[in-house]
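Start counting the sequence shown at 0; every next residue gets the next number (numbering that gives the first Met the number 0).
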Amino acid sequence: MTPPSTPIDAHDAVARRPRIATPLNLLIVLASVFVAVVWLITLQRIAFEREQALAAEMEANSSLAIAFEQQVFRALKAAEQVAAFVREQYRRQGKAIDLRRWVEEGVIREEMFTIVSVVDEQGDIVSSSQNTGPVNYADREFFTAQRDARIDHLFINQPVLGRVSGRWLIPLSLRIERDDGSFAGVVVMAVRPEDVTRFFQQVDLGPQGLLELAGLDGVIRARKIGARSEFGLGAESLAWFQRQKLHDADDFHDSGEALDGVARIVSYRTMTGYPLMITVATAYDEEMATTLQRRSTYLMAAVGVTLVVMLFVGLLALMLVRQRAATDALQGSEALFRATFHQAAMGIAHISPEGRILRVNEKFARMLGRPPEALQGANIFDLSDAEVAAAARSFLSEQLVSEARALSPEIEKTYRREDGSLIWVCEASSVVRNRQGQPEFLVLVTQDITERKHLEARLCHDAEHDALTGLANRVRFHQRLDQALESVRDQQQLCAVLYIDLDGFKEINDRHGHAAGDSLLQMAARRLECCVRSTDTVARFGGDEFGIVLANLHGSQDCETVAFKVLDVLAKPFDLDGSMVRISASVGAALFPLHAEDGQDLLKRADQAMYAAKHAGKNRFHSADG
Numbered sequence: 000m001t002p003p004s005t006p007i008d009a010h011d012a013v014a015r016r017p018r019i020a021t022p023l024n025l026l027i028v029l030a031s032v033f034v035a036v037v038w039l040i041t042l043q044r045i046a047f048e049r050e051q052a053l054a055a056e057m058e059a060n061s062s063l064a065i066a067f068e069q070q071v072f073r074a075l076k077a078a079e080q081v082a083a084f085v086r087e088q089y090r091r092q093g094k095a096i097d098l099r100r101w102v103e104e105g106v107i108r109e110e111m112f113t114i115v116s117v118v119d120e121q122g123d124i125v126s127s128s129q130n131t132g133p134v135n136y137a138d139r140e141f142f143t144a145q146r147d148a149r150i151d152h153l154f155i156n157q158p159v160l161g162r163v164s165g166r167w168l169i170p171l172s173l174r175i176e177r178d179d180g181s182f183a184g185v186v187v188m189a190v191r192p193e194d195v196t197r198f199f200q201q202v203d204l205g206p207q208g209l210l211e212l213a214g215l216d217g218v219i220r221a222r223k224i225g226a227r228s229e230f231g232l233g234a235e236s237l238a239w240f241q242r243q244k245l246h247d248a249d250d251f252h253d254s255g256e257a258l259d260g261v262a263r264i265v266s267y268r269t270m271t272g273y274p275l276m277i278t279v280a281t282a283y284d285e286e287m288a289t290t291l292q293r294r295s296t297y298l299m300a301a302v303g304v305t306l307v308v309m310l311f312v313g314l315l316a317l318m319l320v321r322q323r324a325a326t327d328a329l330q331g332s333e334a335l336f337r338a339t340f341h342q343a344a345m346g347i348a349h350i351s352p353e354g355r356i357l358r359v360n361e362k363f364a365r366m367l368g369r370p371p372e373a374l375q376g377a378n379i380f381d382l383s384d385a386e387v388a389a390a391a392r393s394f395l396s397e398q399l400v401s402e403a404r405a406l407s408p409e410i411e412k413t414y415r416r417e418d419g420s421l422i423w424v425c426e427a428s429s430v431v432r433n434r435q436g437q438p439e440f441l442v443l444v445t446q447d448i449t450e451r452k453h454l455e456a457r458l459c460h461d462a463e464h465d466a467l468t469g470l471a472n473r474v475r476f477h478q479r480l481d482q483a484l485e486s487v488r489d490q491q492q493l494c495a496v497l498y499i500d501l502d503g504f505k506e507i508n509d510r511h512g513h514a515a516g517d518s519l520l521q522m523a524a525r526r527l528e529c530c531v532r533s534t535d536t537v538a539r540f541g542g543d544e545f546g547i548v549l550a551n552l553h554g555s556q557d558c559e560t561v562a563f564k565v566l567d568v569l570a571k572p573f574d575l576d577g578s579m580v581r582i583s584a585s586v587g588a589a590l591f592p593l594h595a596e597d598g599q600d601l602l603k604r605a606d607q608a609m610y611a612a613k614h615a616g617k618n619r620f621h622s623a624d625g
């Protein structure tokens with residue numbers, strides 16, 4: 000904050016005046032000097048209070064702009080992650096991908112995205128999270144932009160009227176490429192414009208407050224003014240859009256002539272990594288009403304003092320009262336900043352260049368499970384484990400020497416809560432500098448992503464594991480098989496695949512029901528896991544068929560030992576709710592490099608050996624022919 004100017008002392012001014020010969024001249028000079036001092040103090044006080052109130056509101060809006068930018072940034076990152084996941088699964092599964100089933104089973108849980116679709120290179124929908132029917136997007140901008148581009152970036156389309164939903168939506172798309180780099184289609188998802196400005200409901204910007212997300216192409220993606228929502232309008236004529244061409248971020252007082260005639264206090268930021276800009280603005284008259292009212296009061300007081308200049312003592316007392324009112328007003332402005340600071344939906348902390356916490360909002364304190372007063376004065380690096388703290392210290396040091404004003408690239412890190420638990424956060428920082436360009440403090444904007452981290456782990460697990468038994472699925476099996484083959488090629492050792500089919504499972508499933516059959520499969524899976532080492536992989540291919548990858552074998556007898564152990568454990572009785580049932584297994588095996596040179600052929604030879612065992616009478620082991 001700018002320190003107030005030192006008021007001129009009237010008695011010092013009088014002491015420095017030249018000696019006047021007559022009492023009348025002395026009285027006129029004294030009166031003139033006194034009136035001049037009164038007006039000088041009044042105008043200085045008016046200018047000072049306006050600057051302070053304007054600076055406090057700009058600081059509050061700047062913090063909200065950082066928080067809104069971070070919210071939009073996280074939403075776009077979440078969209079990019081979902082799109083990348085869908086793209087990778089489409090590359091593996093092709094047109095068999097079933098997005099509607101993923102939504103029903105909770106694999107995709109992002110409620111913000113109204114629809115997720117895979118579109119092929121002709122623009123036709125291959126799969127969608129909603130029932131779309133035949134729809135072609137070849138003429139949409141998000142499709143042509145990704146088709147003609149050769150960079151792996153999320154494309155943020157202008158708002159369009161959805162062909163499936165019939166609503167105005169903002170499409171987000173990611174390019175799909177074949178192995179040779181040619182275009183294979185896009186993953187597209189859609190966001191409602193009103194969802195983008197939902198941040199408006201979390202803070203009080205006033206009836207004329209403005210929240211806006213605009214593209215650097217000059218088209219507004221979403222805007223909210225009071226209760227009014229807008230999108231798809233041009234932004235070229237707006238003052239903040241013109242300013243961002245010269246400065247990535249700024250705060251200023253706008254007359255509002257290019258928009259709706261309402262003067263506003265504006266804070267805008269250009270987003271890092273996306274061709275978008277964030278704007279937060281509050282109405283000048285609403286936020287400065289108290290300051291403008293005091294301005295009128297000061298002017299009227301100065302006029303009154305001029306008229307009753309002879310009542311100098313009374314006037315001096317009045318100025319002292321006004322000075323106290325000004326102090327209270329400054330404290331009120333600080334209280335307004337603090338209230339706005341604590342309303343933010345994101346965790347915000349102000350950190351000294353050395354890492355000392357200057358202040359935190361209530362959201363940040365709740366995230367770390369500590370009261371704000373316990374955090375103030377503490378070192379931010381002491382709240383993380385040693386390895387994380389070292390990386391965070393290096394990251395903030397780089398920010399302090401950087402001249403960029405925009406929000407820094409985000410980092411994902413952990414904090415240790417007071418109860419000892421870990422919380423995952425996504426954190427970005429911005430450096431606040433003084434007039435000489437020296438860093439005064441850093442603003443950390445923190446988002447709790449613990450739930451998202453758990454979701455990523457769950458998505459990764461569900462994509463590679465069987466839902467019923469928890470074993471690896473066929474996709475995971477082939478990955479582990481390829482890894483095992485690569486390892487033994489270097490070490491000149493053997494690798495084996497066991498193909499297992501349960502004998503008699505269908506009869507038990509038909510007699511006792513599918514629930515009992517599922518229970519039997521789960522128990523069989525646990526027994527199979529007990530037959531192998533931690534470095535081996537047990538997978539379920541589907542139905543009653545299982546596979547095992549045995550890595551780093553010294554000889555074929557090691558494979559036979561495991562196979563006979565499988566036959567033994569599966570031949571033991573199973574307890575299905577009090578009913579003892581028995582099954583057996585037919586096991587086929589193929590070894591690398593004795594029977595095949597690659598994973599596909601190895602599995603095929605093991606499958607053939609399993610059928611040979613089954614045709615030979617079941618409940619036996621058969622190895623592939625050399």
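For glycine and all other residues, C-beta sits at the position ideal for the given N, C-alpha and C.
Discussion item. According to DSSP, simplified to helix, strand and coil, what is glutamine 446?
Written reply: Strand at glutamine 446.
Practice prompt. State buried or exposed for leucine 395, treating a residue as buried only when at least 16 other CB atoms are found within 10 Å of its CB.
Written response: buried
Discussion item. Let's test the definition: count the other Cβ atoms within 10 Å of the Cβ of proline 206 and tell me whether it reaches 16, buried, or not, exposed.
Written reply: Result: exposed.
Worksheet entry | Inter-residue spacing [alpha-carbon to alpha-carbon] between valine 628 and proline 352 | For the chain, the structure presents residues 0 to 625; residue 628 sits outside this window and is missing.
Fill in: Proximity below 9 Å, CB of leucine 590 to CB of serine 533
In this structure, the beta-carbon distance from leucine 590 to serine 533 does not fall below 9 Å.
Item to complete: Within the same chain, show all residues whose beta-carbon is closer than 7 Å to that of valine 312, passing over the 5 residues directly before and after it, in chain order.
Response: The pLDDT assigned to valine 312 is 48, lower than 50, so where the model puts this residue is not dependable; a value taken from the coordinates is nonetheless given after this. For valine 312, where only same-chain residues beyond five positions count, there are no Cβ hits under 7 Å.
Item to complete: Go ahead and pull the three-state DSSP assignment for proline 438.
Response: strand
Discussion item. On a Cα-Cα basis, can you pick out the residue from Val487, Glu485, Phe573 that is closest to alanine 524?
Written reply: Phe573
Item to complete: Compute the Euclidean distance between the alpha carbons of glutamate 506 and lysine 571, then round it to the nearest angstrom.
Response: Their backbone Cα atoms lie some 17 Å apart in a straight line.
Worksheet item: Nearest to leucine 552 by alpha carbon, out of Ser585, Leu291, Leu593?
Response: Leu593
Fill in: Of the listed residues Ile264, Arg91, Ala605, nearest to aspartate 178 (C-alpha basis)
Arg91
Item to complete: Go ahead and pull the three-state DSSP assignment for glutamine 461.
Response: In the sequence on display, residue 461 carries aspartate and not glutamine. Here aspartate 461 sits in helix by DSSP.
Discussion item. Output needed for aspartate 249: all residues of its chain with C-beta closer than 6 Å, excluding positions within five of it in sequence on either side, in chain order.
Written reply: Arg242, listed in sequence order.
Item to complete: Please state whether DSSP places aspartate 284 in a helix, a strand or coil.
Response: helix
Practice prompt. Evaluate alanine 612 with the Cβ neighbour count: other Cβ atoms within 10 Å of its Cβ, from every protein chain shown; 16 or more gives buried, anything less gives exposed.
Written response: Alanine 612 should be labelled buried.
Practice prompt. Quick one: give me the first and last residue of the alpha helix (DSSP H) that serine 396 is part of.
Written response: 385-400
Worksheet item: Taking the DSSP output, what are the residues bridged to tyrosine 498?
Response: Looking at the DSSP assignment, tyrosine 498 forms a beta bridge with Gly546, Gly587.
Worksheet item: Using DSSP with H/G/I as helix, E/B as strand and the rest coil, what is tyrosine 267?
Response: strand
Item to complete: Using 10 angstroms around the beta-carbon of threonine 296, count the other beta-carbons present and answer buried if the total reaches 16, otherwise exposed.
Response: Threonine 296 counts as exposed, since fewer than 16 other beta carbons sit within 10 angstroms of its beta carbon.
Discussion item. Once DSSP output is grouped into helix, strand and coil, what is the label at isoleucine 27?
Written reply: helix
Fill in: Rounded straight-line distance, which links the Cα of aspartate 381 to that of leucine 319
With a pLDDT of only 47 at leucine 319, under 50, the local geometry of the prediction cannot be trusted, and the value read off the model is given with reservation. Cα to Cα, leucine 319 sits roughly 47 Å from aspartate 381.
Worksheet item: Whose C-alpha, out of Arg146, Glu211, Arg149, Val218, is nearest the C-alpha of glycine 225?
Response: Among Arg146, Glu211, Arg149, Val218, the Cα nearest to that of glycine 225 is on Glu211.
Worksheet item: What distance in whole Å lies between the Cβ atoms of tryptophan 239 and valine 265, which are believed to be in contact at a cut-off of 8 Å?
Response: 5 Å
Worksheet item: Just to confirm, are valine 159 and glutamate 140 a CB contact at a threshold of 9 Å?
Response: yes
Worksheet item: Run through DSSP, which three-state label would leucine 470 get?
Response: coil
Worksheet item: Between the C-alpha atoms of cysteine 459 and proline 170, what's the straight-line distance to the nearest angstrom?
Response: Taking the straight line from one Cα to the other gives about 25 Å.
Worksheet item: Is alanine 137 buried or exposed, if buried means 16 or more other CB atoms sit within 10 Å of its CB?
Response: Looking at its Cβ environment, which holds fewer than 16 other Cβ atoms inside 10 Å, alanine 137 is exposed.
Worksheet item: How far does the alpha helix (DSSP H) with valine 565 in it reach, from first residue to last?
Response: 555-570
Worksheet item: Buried or exposed: where does proline 133 fall if 16 or more other Cβ atoms within 10 Å of its Cβ makes it buried?
Response: exposed
Worksheet item: In chain order, which continuous runs of the beta strand (DSSP E) of length 3 or greater are located wholly inside the segment 171-218?
Response: The segment 171-218 contains these whole beta strand (DSSP E) runs: 182-190, 209-214.
Worksheet entry | Exposure of aspartate 447, with buried meaning 16 or more beta-carbon neighbours within 10 Å | buried
Item to complete: Using 10 angstroms around the beta-carbon of asparagine 130, count the other beta-carbons present and answer buried if the total reaches 16, otherwise exposed.
Response: exposed
Worksheet item: What three-state label does DSSP hand alanine 148 in the structure shown?
Response: In the three-state DSSP reduction, alanine 148 falls in the coil class, being neither helix nor strand.
Worksheet entry | Among Tyr498, Phe620, Arg369, Glu455, the one whose alpha carbon lies nearest that of alanine 78 | Here the closest residue by C-alpha is Glu455.
Worksheet entry | Beta-bridge pairing of serine 622 - partner residues as DSSP gives them | Per DSSP, Ala588.
Discussion item. Would valine 117 and isoleucine 175 be called neighbours here (beta carbons separated by less than 9 Å)?
Written reply: yes
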